[in-house]
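*Asks:* These protein sequences, in sequence, are chains A and B. Here the first sequence stands for residues 1 to 257, where the numbers follow our numbering. Here the second sequence stands for residues 1 to 14, where the numbers follow our numbering.
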Amino acid sequence: MFEARLSQGAVLKKLIESIRDLVSEGNFDCSENGLSLQAMDSSHVALVAMLLRPDAFDPYRCDRSMPLGISLKSLSSILRCASNDDVITLRAEDPADQLSLVFENPQNDKVSEYVLNLMDIDSEHLGIPETVYDAVVHMSSSEFQRICRDLQQLSDSVSIDVSKEGVRFSAAGEVGSGSIALRQNTNVDSGDEATVIELQQQVNLTFSIKYLSMFAKTTPLCGRVTLCMSSDVPLLVEYKIDEVGYVRYYLAPKIEE
Amino acid sequence: GLNQKRLAWFFFPK
Numbered sequence: 001m002f003e004a005r006l007s008q009g010a011v012l013k014k015l016i017e018s019i020r021d022l023v024s025e026g027n028f029d030c031s032e033n034g035l036s037l038q039a040m041d042s043s044h045v046a047l048v049a050m051l052l053r054p055d056a057f058d059p060y061r062c063d064r065s066m067p068l069g070i071s072l073k074s075l076s077s078i079l080r081c082a083s084n085d086d087v088i089t090l091r092a093e094d095p096a097d098q099l100s101l102v103f104e105n106p107q108n109d110k111v112s113e114y115v116l117n118l119m120d121i122d123s124e125h126l127g128i129p130e131t132v133y134d135a136v137v138h139m140s141s142s143e144f145q146r147i148c149r150d151l152q153q154l155s156d157s158v159s160i161d162v163s164k165e166g167v168r169f170s171a172a173g174e175v176g177s178g179s180i181a182l183r184q185n186t187n188v189d190s191g192d193e194a195t196v197i198e199l200q201q202q203v204n205l206t207f208s209i210k211y212l213s214m215f216a217k218t219t220p221l222c223g224r225v226t227l228c229m230s231s232d233v234p235l236l237v238e239y240k241i242d243e244v245g246y247v248r249y250y251l252a253p254k255i256e257e
Numbered sequence: 001g002l003n004q005k006r007l008a009w010f011f012f013p014k
């Protein structure tokens, strides 16, 4: 039996909205470590790994680890029936062929119950090695979203260059070229706006903007984003979910053969 | 030119 009650139902709504364009379906694994998902996009270029730890929920009960095969589009349709301030309870029997979702309003006078039919999904799990990255950029998530949106007008690729001075995003295409440089600026009033760089070594990598823009749909979940880069390894883009979880995206770089 | 790699080129199946 799996049962998890999320007092901030909006977290689950935003989480599913943020990944539904990248992956169409996946196995949500429930275990004593929480509710997790690892799934690749259909072209196997990008991967999302998310975790909501048990302390995201109250209560959280999972007697035995099991996968919940879910169509993201279907789950998204059902979660759109929940209000942002609803409490959401997820429940599944073991073995699970359905996921029950209960939405309770804060006034405690309206209860909605939905049932999602689960799927059998053969999912391929990738082993992601622990990596010490050459460059780590902590920045405002809305600034990152804005940069992706702006440079997408020019090209389908963006180069990210991290040095001691700061981080520069640049793109070039048929209409011309553009670049946006952010300097380290820890002395700003709002903590969300600061750009902080941890640098072992200068890095310059090129990525598809289309995927970065899809990752940026996670912006409503967290005011900050972290970009982790090393030469010739996939980019890690991380959004933390309060202190109770994360959404991590990996994107393979474009490299010379 | 630059080529888009797949993730499996970097990460191994579990």
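Each residue gets a CB set at the ideal place from its N, CA and C atoms; glycine is no exception.
Does residue 124 of chain A come within less than 8 Å of chain B when only Cβ atoms are used?
*Replies:* yes
*Asks:* Does DSSP put residue 121 of chain A in a helix, in a strand, or in coil?
*Replies:* coil
*Asks:* Mapping DSSP to helix, strand and coil, what is residue 133 of chain A?
*Replies:* coil
*Asks:* Mark residue 73 of chain A as exposed unless 16 or more other C-beta atoms lie within 10 angstroms of its C-beta, in which case mark it buried.
*Replies:* exposed
*Asks:* How would you list, in chain order, the residues of chain B whose beta-carbon sits under 7 Å from the beta-carbon of residue 40 of chain A?
*Replies:* 7
*Asks:* List the whole-angstrom C-beta distance separating residue 172 of chain A from residue 154 of chain A, where the pair is believed to meet the contact cut-off of C-beta under 8 Å.
*Replies:* 7 Å
*Asks:* Can a CB atom of chain B be found closer than 8 Å to the CB of residue 254 of chain A?
*Replies:* yes
*Asks:* Does any heavy atom of the ligand COA sit closer than 7 Å to the C-beta of residue 132 of chain A?
*Replies:* In terms of ligand content, the structure shown is empty, and the ligand COA therefore cannot be addressed.
*Asks:* Does the beta-carbon of residue 127 of chain A have 16 or more other beta-carbons within 10 angstroms, so that it is buried, or is it exposed?
*Replies:* exposed
*Asks:* How should residue 131 of chain A be labelled, buried or exposed, when 16 other C-beta atoms within 10 angstroms of its C-beta is the threshold for buried?
*Replies:* Counting other Cβ atoms within 10 Å of its Cβ, residue 131 of chain A stays below 16 and is therefore classed as exposed.
*Asks:* Would residue 127 of chain A count as contacting chain B if we go by Cβ distances under 8 Å?
*Replies:* yes
*Asks:* Between residue 40 of chain A and residue 47 of chain A, how many whole angstroms is the CB-CB distance? I'm expecting something under 8 Å.
*Replies:* 5 Å
*Asks:* With DSSP run on the structure shown, which of helix, strand or coil describes residue 39 of chain A?
*Replies:* strand
*Asks:* List the residues of chain B whose Cβ lies closer than 8 Å to the Cβ of residue 234 of chain A, in chain order.
*Replies:* 7, 10 and 11
*Asks:* Thinking residue 137 of chain A and residue 227 of chain A are a contact (beta carbons under 8 Å), I'd like their distance in whole angstroms, please.
*Replies:* Confirmed, Cβ separation roughly 4 Å.
*Asks:* Looking at residue 68 of chain A: is its Cβ nearer than 8 Å to the Cβ of residue 96 of chain A?
*Replies:* yes
*Asks:* Check for me: the beta strand (DSSP E) holding residue 254 of chain A runs from which residue to which?
*Replies:* 254 to 256
*Asks:* DSSP state of residue 161 of chain A, grouped into three classes?
*Replies:* In the three-state reduction of the DSSP assignment, residue 161 of chain A falls in the strand class, which pools E and B.
*Asks:* Any contact between the stretch 84 to 91 of chain A and the stretch 15 to 22 of chain A? By contact I mean 3 or more CB pairs, one from each, below 8 Å.
*Replies:* Here the stretch 84 to 91 of chain A makes no contact with the stretch 15 to 22 of chain A; the two share fewer than three CB pairs at distances below 8 Å.
*Asks:* What alpha helix (DSSP H) runs, 4 residues minimum, are completely inside the stretch 58 to 99 of chain A?
*Replies:* 72 to 79
*Asks:* Which residues bound the alpha helix (DSSP H) around residue 16 of chain A?
*Replies:* 9 to 19
*Asks:* According to the neighbour-count rule (16 or more other Cβ atoms, all chains shown, within 10 Å of its Cβ), is residue 272 of chain A buried or exposed?
*Replies:* Lying outside 1 to 257, the shown extent of chain A, residue 272 of chain A is not represented and no answer is given.
*Asks:* Which one or two residues does DSSP pair with residue 245 of chain A in a beta bridge?
*Replies:* A/52 and A/241
*Asks:* When you check each C-beta in the stretch 199 to 211 of chain A against every C-beta of chain B, which residues fall closer than 7 Å?
*Replies:* 206 and 208
*Asks:* Who are the neighbours of residue 249 of chain A on chain B, taking C-beta pairs under 7 Å?
*Replies:* Chain B residues near residue 249 of chain A: none, gap ~11 Å exceeds 7 Å.
*Asks:* On the criterion of 16 or more Cβ atoms from any shown chain inside 10 Å, does residue 145 of chain A qualify as buried, or is it exposed?
*Replies:* buried
*Asks:* Among A/147, A/57, A/31 and A/238, which one has its Cα closest to the Cα of residue 10 of chain A?
*Replies:* A/57
*Asks:* Does the separation of the CB atoms of residue 249 of chain A and residue 233 of chain A fall below 8 Å?
*Replies:* In this structure, residue 249 of chain A lies away from residue 233 of chain A, with their beta-carbon atoms at least 8 Å apart.
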